[in-house]
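Below is one structure, written out as structure tokens, with a few remarks after it.
Written as structure tokens, this is what we have:
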């Protein structure tokens, strides 16, 4: 440049040397300025153009990313967003096809996650081992793009063959980089003779990274989801997922028998023994084998889940009827007759299976699950290696029963027990001789319960001992109150077999007698024949009671055992003849039988009481055969203490007589009936 | 090196030594001298011009560079008042070099290779580290002195470490007052 300027300067005329050098200097300066201006213009132009290109490409990039983002938001729930990314990447750079592949570094493979156009997907493998595609592996490891060209002289490269197979000419492999780590590639392919500008490649890289973030998030989401809904040991769905599947299965069913849903609960028998004997390692291996066996037994659409420790569940869908469910349950039980492989040993494990089956109209997910659980529990109780199907209503009944058992334990403490009294009348005079104390339970939800509704449960659970003790104390307390004006009244209290075995019984009765101060003879203890015969030790117990001075009555006499020899052995005072004989008294045979029993009693020196007298005719006949006393609705229904007290206080009480044929009050409510009858009786006796 | 440095050098040279001085420097260095602020030019051009000035003035290179820096400040303050106006003191102005001035320089002149400055305030002033492959710490010193002139302050600079003396970085201890 300097020499060119020098050549140029030679044409300057040299007529004035001083001026000439000045001109030369000025020319040089002018030349310099001109050059500087041109260069400045060139730079400015280049810069402007570059800026324009930059802005244009950034704008397109933004537009592409925004469009992709919009479509991705729509695609998220349908899991096809890799396809969306592929489409946008291809369209953004004007290429024909685009594949999105995720990298599993451990397995050394890439897997097709999405493809554009979607129809081409079928031509592709899903999984590509990277030992066949070393260049792709390099792209991933080095995190830099590579170009595959079919015109490449080294046509043996597997990536080139892959591109040829697709009918492409040029392919860019761009790594998806997330947090500095490649998670897969975006591969853009063109079938025409074109390439990518730098900015297009940059755009594709941006989209690839964006896609990488999306795919990575989705993978993490699936992983977390999987962990939340699967059991780590067996990989089976857990309770949460099973519940969800049950929901769906029932909701999906059309409510017809062709789409029944069955749920099995499968519980290993004595799994604890396996764990304790062989250790948890073997225990875990057994659980895994059980999981595998259950999966082999079921169809692909069914769900095998692990609910907890040794409890599994199988959801069966699209059954044609309940027998499908029970035969499936039977197959499961049978399958476990073969030993289970647990590591290097074979272990015998049987299973108990409960199954319930239903449709959307007959079951909610919760009831299906609870029914199956209930049925499994029944199978377990029935013995090992069995299955049980749930029977409609049985859980409700069991629930009610269980609830009652639970409530009964607290009934006394919560002051829900009541004693009602039914008078026992002298059949000749009509005078009330005693009251039978009868327990009632005022259940907060179910109302007043008769003994039949809860005494069997109390007997079974042993609560009867406390209840009985409470009734006896209450009855004696009430009796003492009444005896102030009616000193000859007595009270009879029922004693169950369980109470009779209770070693504290005698002490308790002695305490009650001591506390209330009543004459022991005015306490009558009623026991049934059955409870006497059931336990040989009851004889001694009765004698000790008898020694206290109380009287003993045999309740429901005639219904228990044929042998009556115990009447001689036991210190009995009163026979209460079962209502069955009373109701038969109208017939000649019945009358003769009752007369025979009364005669037996009399001859042994016992008082006799006929139970269940309801009709005046019965009363007449029974009185005629010289039975001493009677009890029944004809005289009064059981009534609460206060009602009895009131009547004893306000009326000249003592005689309770009813004219034959005057009343028949079986249809009136029990509580008021007793009062009515007592009132009626009192009025009658005054006349 | 960015063209603007050459433009500044030309302006400072012509202003202090007359119109012809710049032509002479270019002729000495055998350079055509068509520098535009937007362009980039080899660093050697700058060092050749400085060497030429050093020879003509009979002053050490560092002195030439330092006084070039000091003289450049009024021109820069004239051209870019927005960088100077917000500050009252040299110390405050220097504090904005890394965060404001150099990023702005990079925007206007893409690819500008600006030095890195480290700033540690001291009781009496400021300790700055200077890092640049060009080792033009004396230019930095001159610019700092120029800035002090601009804000009407007195300062002295002591350089305990310098890349030109074999240290891995330059350190400028600036004391005000």
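Chains as they are written, first to last, in my numbering: chain A, 2 to 688; chain B, 17 to 193.
We treat Cβ as the ideally placed atom computed from N, Cα and C, and that holds for glycine.
Since the model is a prediction, treat every value here as computed from it, not as a measurement.
State the CB to CB distance for the pair residue 316 (chain A) and residue 264 (chain A), rounded to an integer number of angstroms; the pair is presumed to be in contact (CB under 8 Å). Position 315 of the first chain holds residue 316 (chain A). Position 263 of the first chain holds residue 264 (chain A). Rounded, the Cβ-Cβ distance is 6 Å, consistent with contact.
Which residues in the same chain as residue 125 (chain A) place their Cβ atom closer than 6 Å to its Cβ, once the five residues preceding and following it in sequence are excluded? Counting from one through the first chain, the residue named residue 125 (chain A) turns up at place 124. Closer than 6 Å at Cβ, skipping near neighbours: 113.
Let me know the secondary structure DSSP gives residue 498 (chain A) once reduced to three states. Residue 498 (chain A) sits at position 497 when you count from the first residue of the first chain. In this structure, residue 498 (chain A) counts as helix in the three-state DSSP scheme.
Anything in chain B within Cβ reach of residue 36 (chain A), meaning under 8 Å, just list it in chain order. Taking the first residue of the first chain as position 1, residue 36 (chain A) is located at position 35. Within 8 Å Cβ-Cβ: 48 and 50.
Going by beta-carbon coordinates alone, are residue 19 (chain B) and residue 56 (chain B) separated by less than 8 Å? On the second chain, residue 19 (chain B) is found 3 positions in, with the first residue counted as 1. On the second chain, residue 56 (chain B) is found 40 positions in, with the first residue counted as 1. Yes, the pair counts as a contact, with Cβ atoms nearer than the cut-off.
The stretch 184 to 202 of chain A in contact with the stretch 93 to 101 of chain A per 3-pair CB rule at 8 Å: yes
On the three-pair Cβ rule with 8 Å, is the stretch 629 to 636 of chain A touching the stretch 423 to 436 of chain A? yes
Run through chain B and tell me which residues come within less than 7 Å of residue 45 (chain A), C-beta to C-beta. The residue given as residue 45 (chain A) occupies position 44 in the first chain. Under the 7 Å cutoff, chain B gives 54.
Is the beta carbon of residue 84 (chain B) less than 8 Å from the beta carbon of residue 121 (chain B)? Counting from 1 along the second chain, the entry for residue 84 (chain B) is found at position 68. Counting from 1 along the second chain, the entry for residue 121 (chain B) is found at position 105. Against a cut-off of 8 Å, the Cβ pair of residue 121 (chain B) and residue 84 (chain B) comes out as no contact.
Going by alpha carbons, who is nearest to residue 46 (chain B) out of B:61, B:52, B:53 and B:33? Translated into the one-based positions of the second chain, residue 46 (chain B) becomes position 30. Nearest of B:61, B:52, B:53 and B:33 to residue 46 (chain B), Cα basis: B:61.
With a cut-off of 8 Å, does the C-beta of residue 184 (chain B) fall near any C-beta of chain A? To locate residue 184 (chain B), count along the second chain from 1; it is residue 168. By this cut-off, residue 184 (chain B) is not an interface position.
Is it buried or exposed for residue 682 (chain A), if we count other Cβ within 10 angstroms and need 16 for buried? Position 681 of the first chain, counted from the start, is the residue given in the question as residue 682 (chain A). For residue 682 (chain A), the predicted structure reports a pLDDT of 43, less than 50, and the residue's modelled location is therefore unreliable. A value from the coordinates is still provided. That one is buried.
Could you have a look at residue 350 (chain A) and say whether DSSP puts it in helix, strand or coil? For the purposes of this step, residue 350 (chain A) is taken as residue 349 along the first chain, with counting starting at 1. Three-state DSSP puts residue 350 (chain A) in coil, outside helix and strand.
Please determine if the stretch 516 to 531 of chain A and the stretch 469 to 484 of chain A are in contact, where contact requires at least 3 C-beta pairs separated by less than 8 Å. yes
In or out: residue 49 (chain A) buried (at least 16 other Cβ within 10 Å) or exposed? Translated into positions along the first chain, residue 49 (chain A) becomes position 48. Answer is exposed; the Cβ neighbour count stays below 16.
Could you give the distance in angstroms between the alpha-carbon of residue 287 (chain A) and the alpha-carbon of residue 545 (chain A)? Locating residue 287 (chain A) in the first chain gives position 286, counting from the first residue. Locating residue 545 (chain A) in the first chain gives position 544, counting from the first residue. Looking at the two C-alpha atoms, the distance is approximately 60 Å.
Using a Cβ-Cβ distance cut-off of 8 Å, determine whether residue 55 (chain A) contacts chain B. Your numbering for residue 55 (chain A) matches position 54 in the first chain. Chain B contact via Cβ: absent.
Using the C-alpha atoms, what's the distance from residue 609 (chain A) back to residue 621 (chain A)? Locating residue 621 (chain A) in the first chain gives position 620, counting from the first residue. Locating residue 609 (chain A) in the first chain gives position 608, counting from the first residue. Each residue's Cα considered, the two are about 15 Å apart.
Find out if the Cβ-Cβ distance for the pair residue 112 (chain B), residue 167 (chain B) is shorter than 8 Å. Mapped onto the second chain, residue 112 (chain B) falls at position 96. Mapped onto the second chain, residue 167 (chain B) falls at position 151. Cβ atoms of residue 112 (chain B) and residue 167 (chain B): not closer than 8 Å.
Nearest residue (CA-CA) to residue 615 (chain A), options A:630, A:72, A:290 and A:584: Translated into positions along the first chain, residue 615 (chain A) becomes position 614. The residue with the shortest Cα to Cα distance from residue 615 (chain A) is A:584.
Checking the sheet assignment: what are the DSSP bridge partners for residue 422 (chain A)? Sequence index remark: in the first chain, residue 422 (chain A) carries index 421 (1-based). Its beta-bridge partners are A:438 and A:640.
Does DSSP put residue 118 (chain A) in a helix, a strand or coil? Indexing the first chain from 1 puts residue 118 (chain A) at position 117. Three-state DSSP puts residue 118 (chain A) in coil, outside helix and strand.
Report yes or no: do the stretch 233 to 252 of chain A and the stretch 369 to 382 of chain A share at least 3 C-beta pairs separated by less than 8 Å? yes
Assigned exposure category for residue 388 (chain A) - 16 Cβ within 10 Å defines buried: Walking along the first chain from the start, residue 388 (chain A) turns up at place 387. That one is buried.
Can you tell me which of A:85, A:347, A:318 and A:342 puts its alpha carbon nearest to the alpha carbon of residue 71 (chain A)? Working through the first chain from its first residue, we reach residue 71 (chain A) at position 70. Closest option to residue 71 (chain A), Cα to Cα, is A:85.
Taking only beta-carbon atoms, is residue 39 (chain B) less than 8 Å away from chain A? Taking the second chain and counting its residues from 1, one reaches residue 39 (chain B) at position 23. With 8 Å as the cut-off, residue 39 (chain B) counts as an interface residue toward chain A.
Beta-carbon gap between residue 152 (chain B) and residue 81 (chain B) smaller than 8 Å: The residue given as residue 152 (chain B) occupies position 136 in the second chain. The residue given as residue 81 (chain B) occupies position 65 in the second chain. Yes, they are a contact pair.
Taking the continuous alpha helix (DSSP H) assigned at residue 17 (chain B), which residues delimit it? The sequence position of residue 17 (chain B) within the second chain is 1, counting from 1. Where residue 17 (chain B) is concerned, there is no enclosing alpha helix (DSSP H), given that its DSSP letter is neither H nor E.
For residue 190 (chain B) versus residue 159 (chain B), is the C-beta distance shorter than 8 Å? Taking the second chain and counting its residues from 1, the one referred to as residue 190 (chain B) is at position 174. Taking the second chain and counting its residues from 1, the one referred to as residue 159 (chain B) is at position 143. No, the Cβ-Cβ distance between residue 190 (chain B) and residue 159 (chain B) is not below 8 Å.
Alpha carbon to alpha carbon, what distance is there between residue 469 (chain A) and residue 500 (chain A)? Against the first chain, residue 500 (chain A) aligns to sequence position 499. Against the first chain, residue 469 (chain A) aligns to sequence position 468. Near 7 Å, if we compare the C-alpha coordinates of residue 469 (chain A) and residue 500 (chain A).
Of all Cβ atoms in chain B, is any one closer than 8 Å to the Cβ of residue 203 (chain A)? To locate residue 203 (chain A), count along the first chain from 1; it is residue 202. Taking Cβ atoms only, chain B never reaches closer than 8 Å to residue 203 (chain A), which makes this a no.
Counting only beta-carbon separations shorter than 8 Å, does residue 41 (chain A) have a partner in chain B? Working through the first chain from its first residue, we reach residue 41 (chain A) at position 40. Residue 41 (chain A) counts as touching chain B.
Simplified DSSP assignment, three categories, for residue 432 (chain A): The sequence position of residue 432 (chain A) within the first chain is 431, counting from 1. Three-state result, residue 432 (chain A): strand.
If residue 110 (chain B) and residue 163 (chain B) are in contact, beta carbons under 8 Å, what's the gap, nearest whole angstrom? Counting from 1 along the second chain, the entry for residue 110 (chain B) is found at position 94. Counting from 1 along the second chain, the entry for residue 163 (chain B) is found at position 147. Sure, about 7 Å apart at Cβ, within 8 Å.
For the beta strand (DSSP E) containing residue 693 (chain A), list its first residue and its last residue. Nothing in the structure corresponds to residue 693 (chain A), since chain A is present only between 2 and 688.
Counting C-beta neighbours from all protein chains within 10 Å, is the total for residue 304 (chain A) 16 or more, i.e. buried, or is it exposed? Sequence index remark: in the first chain, residue 304 (chain A) carries index 303 (1-based). Flag for residue 304 (chain A) reads buried.
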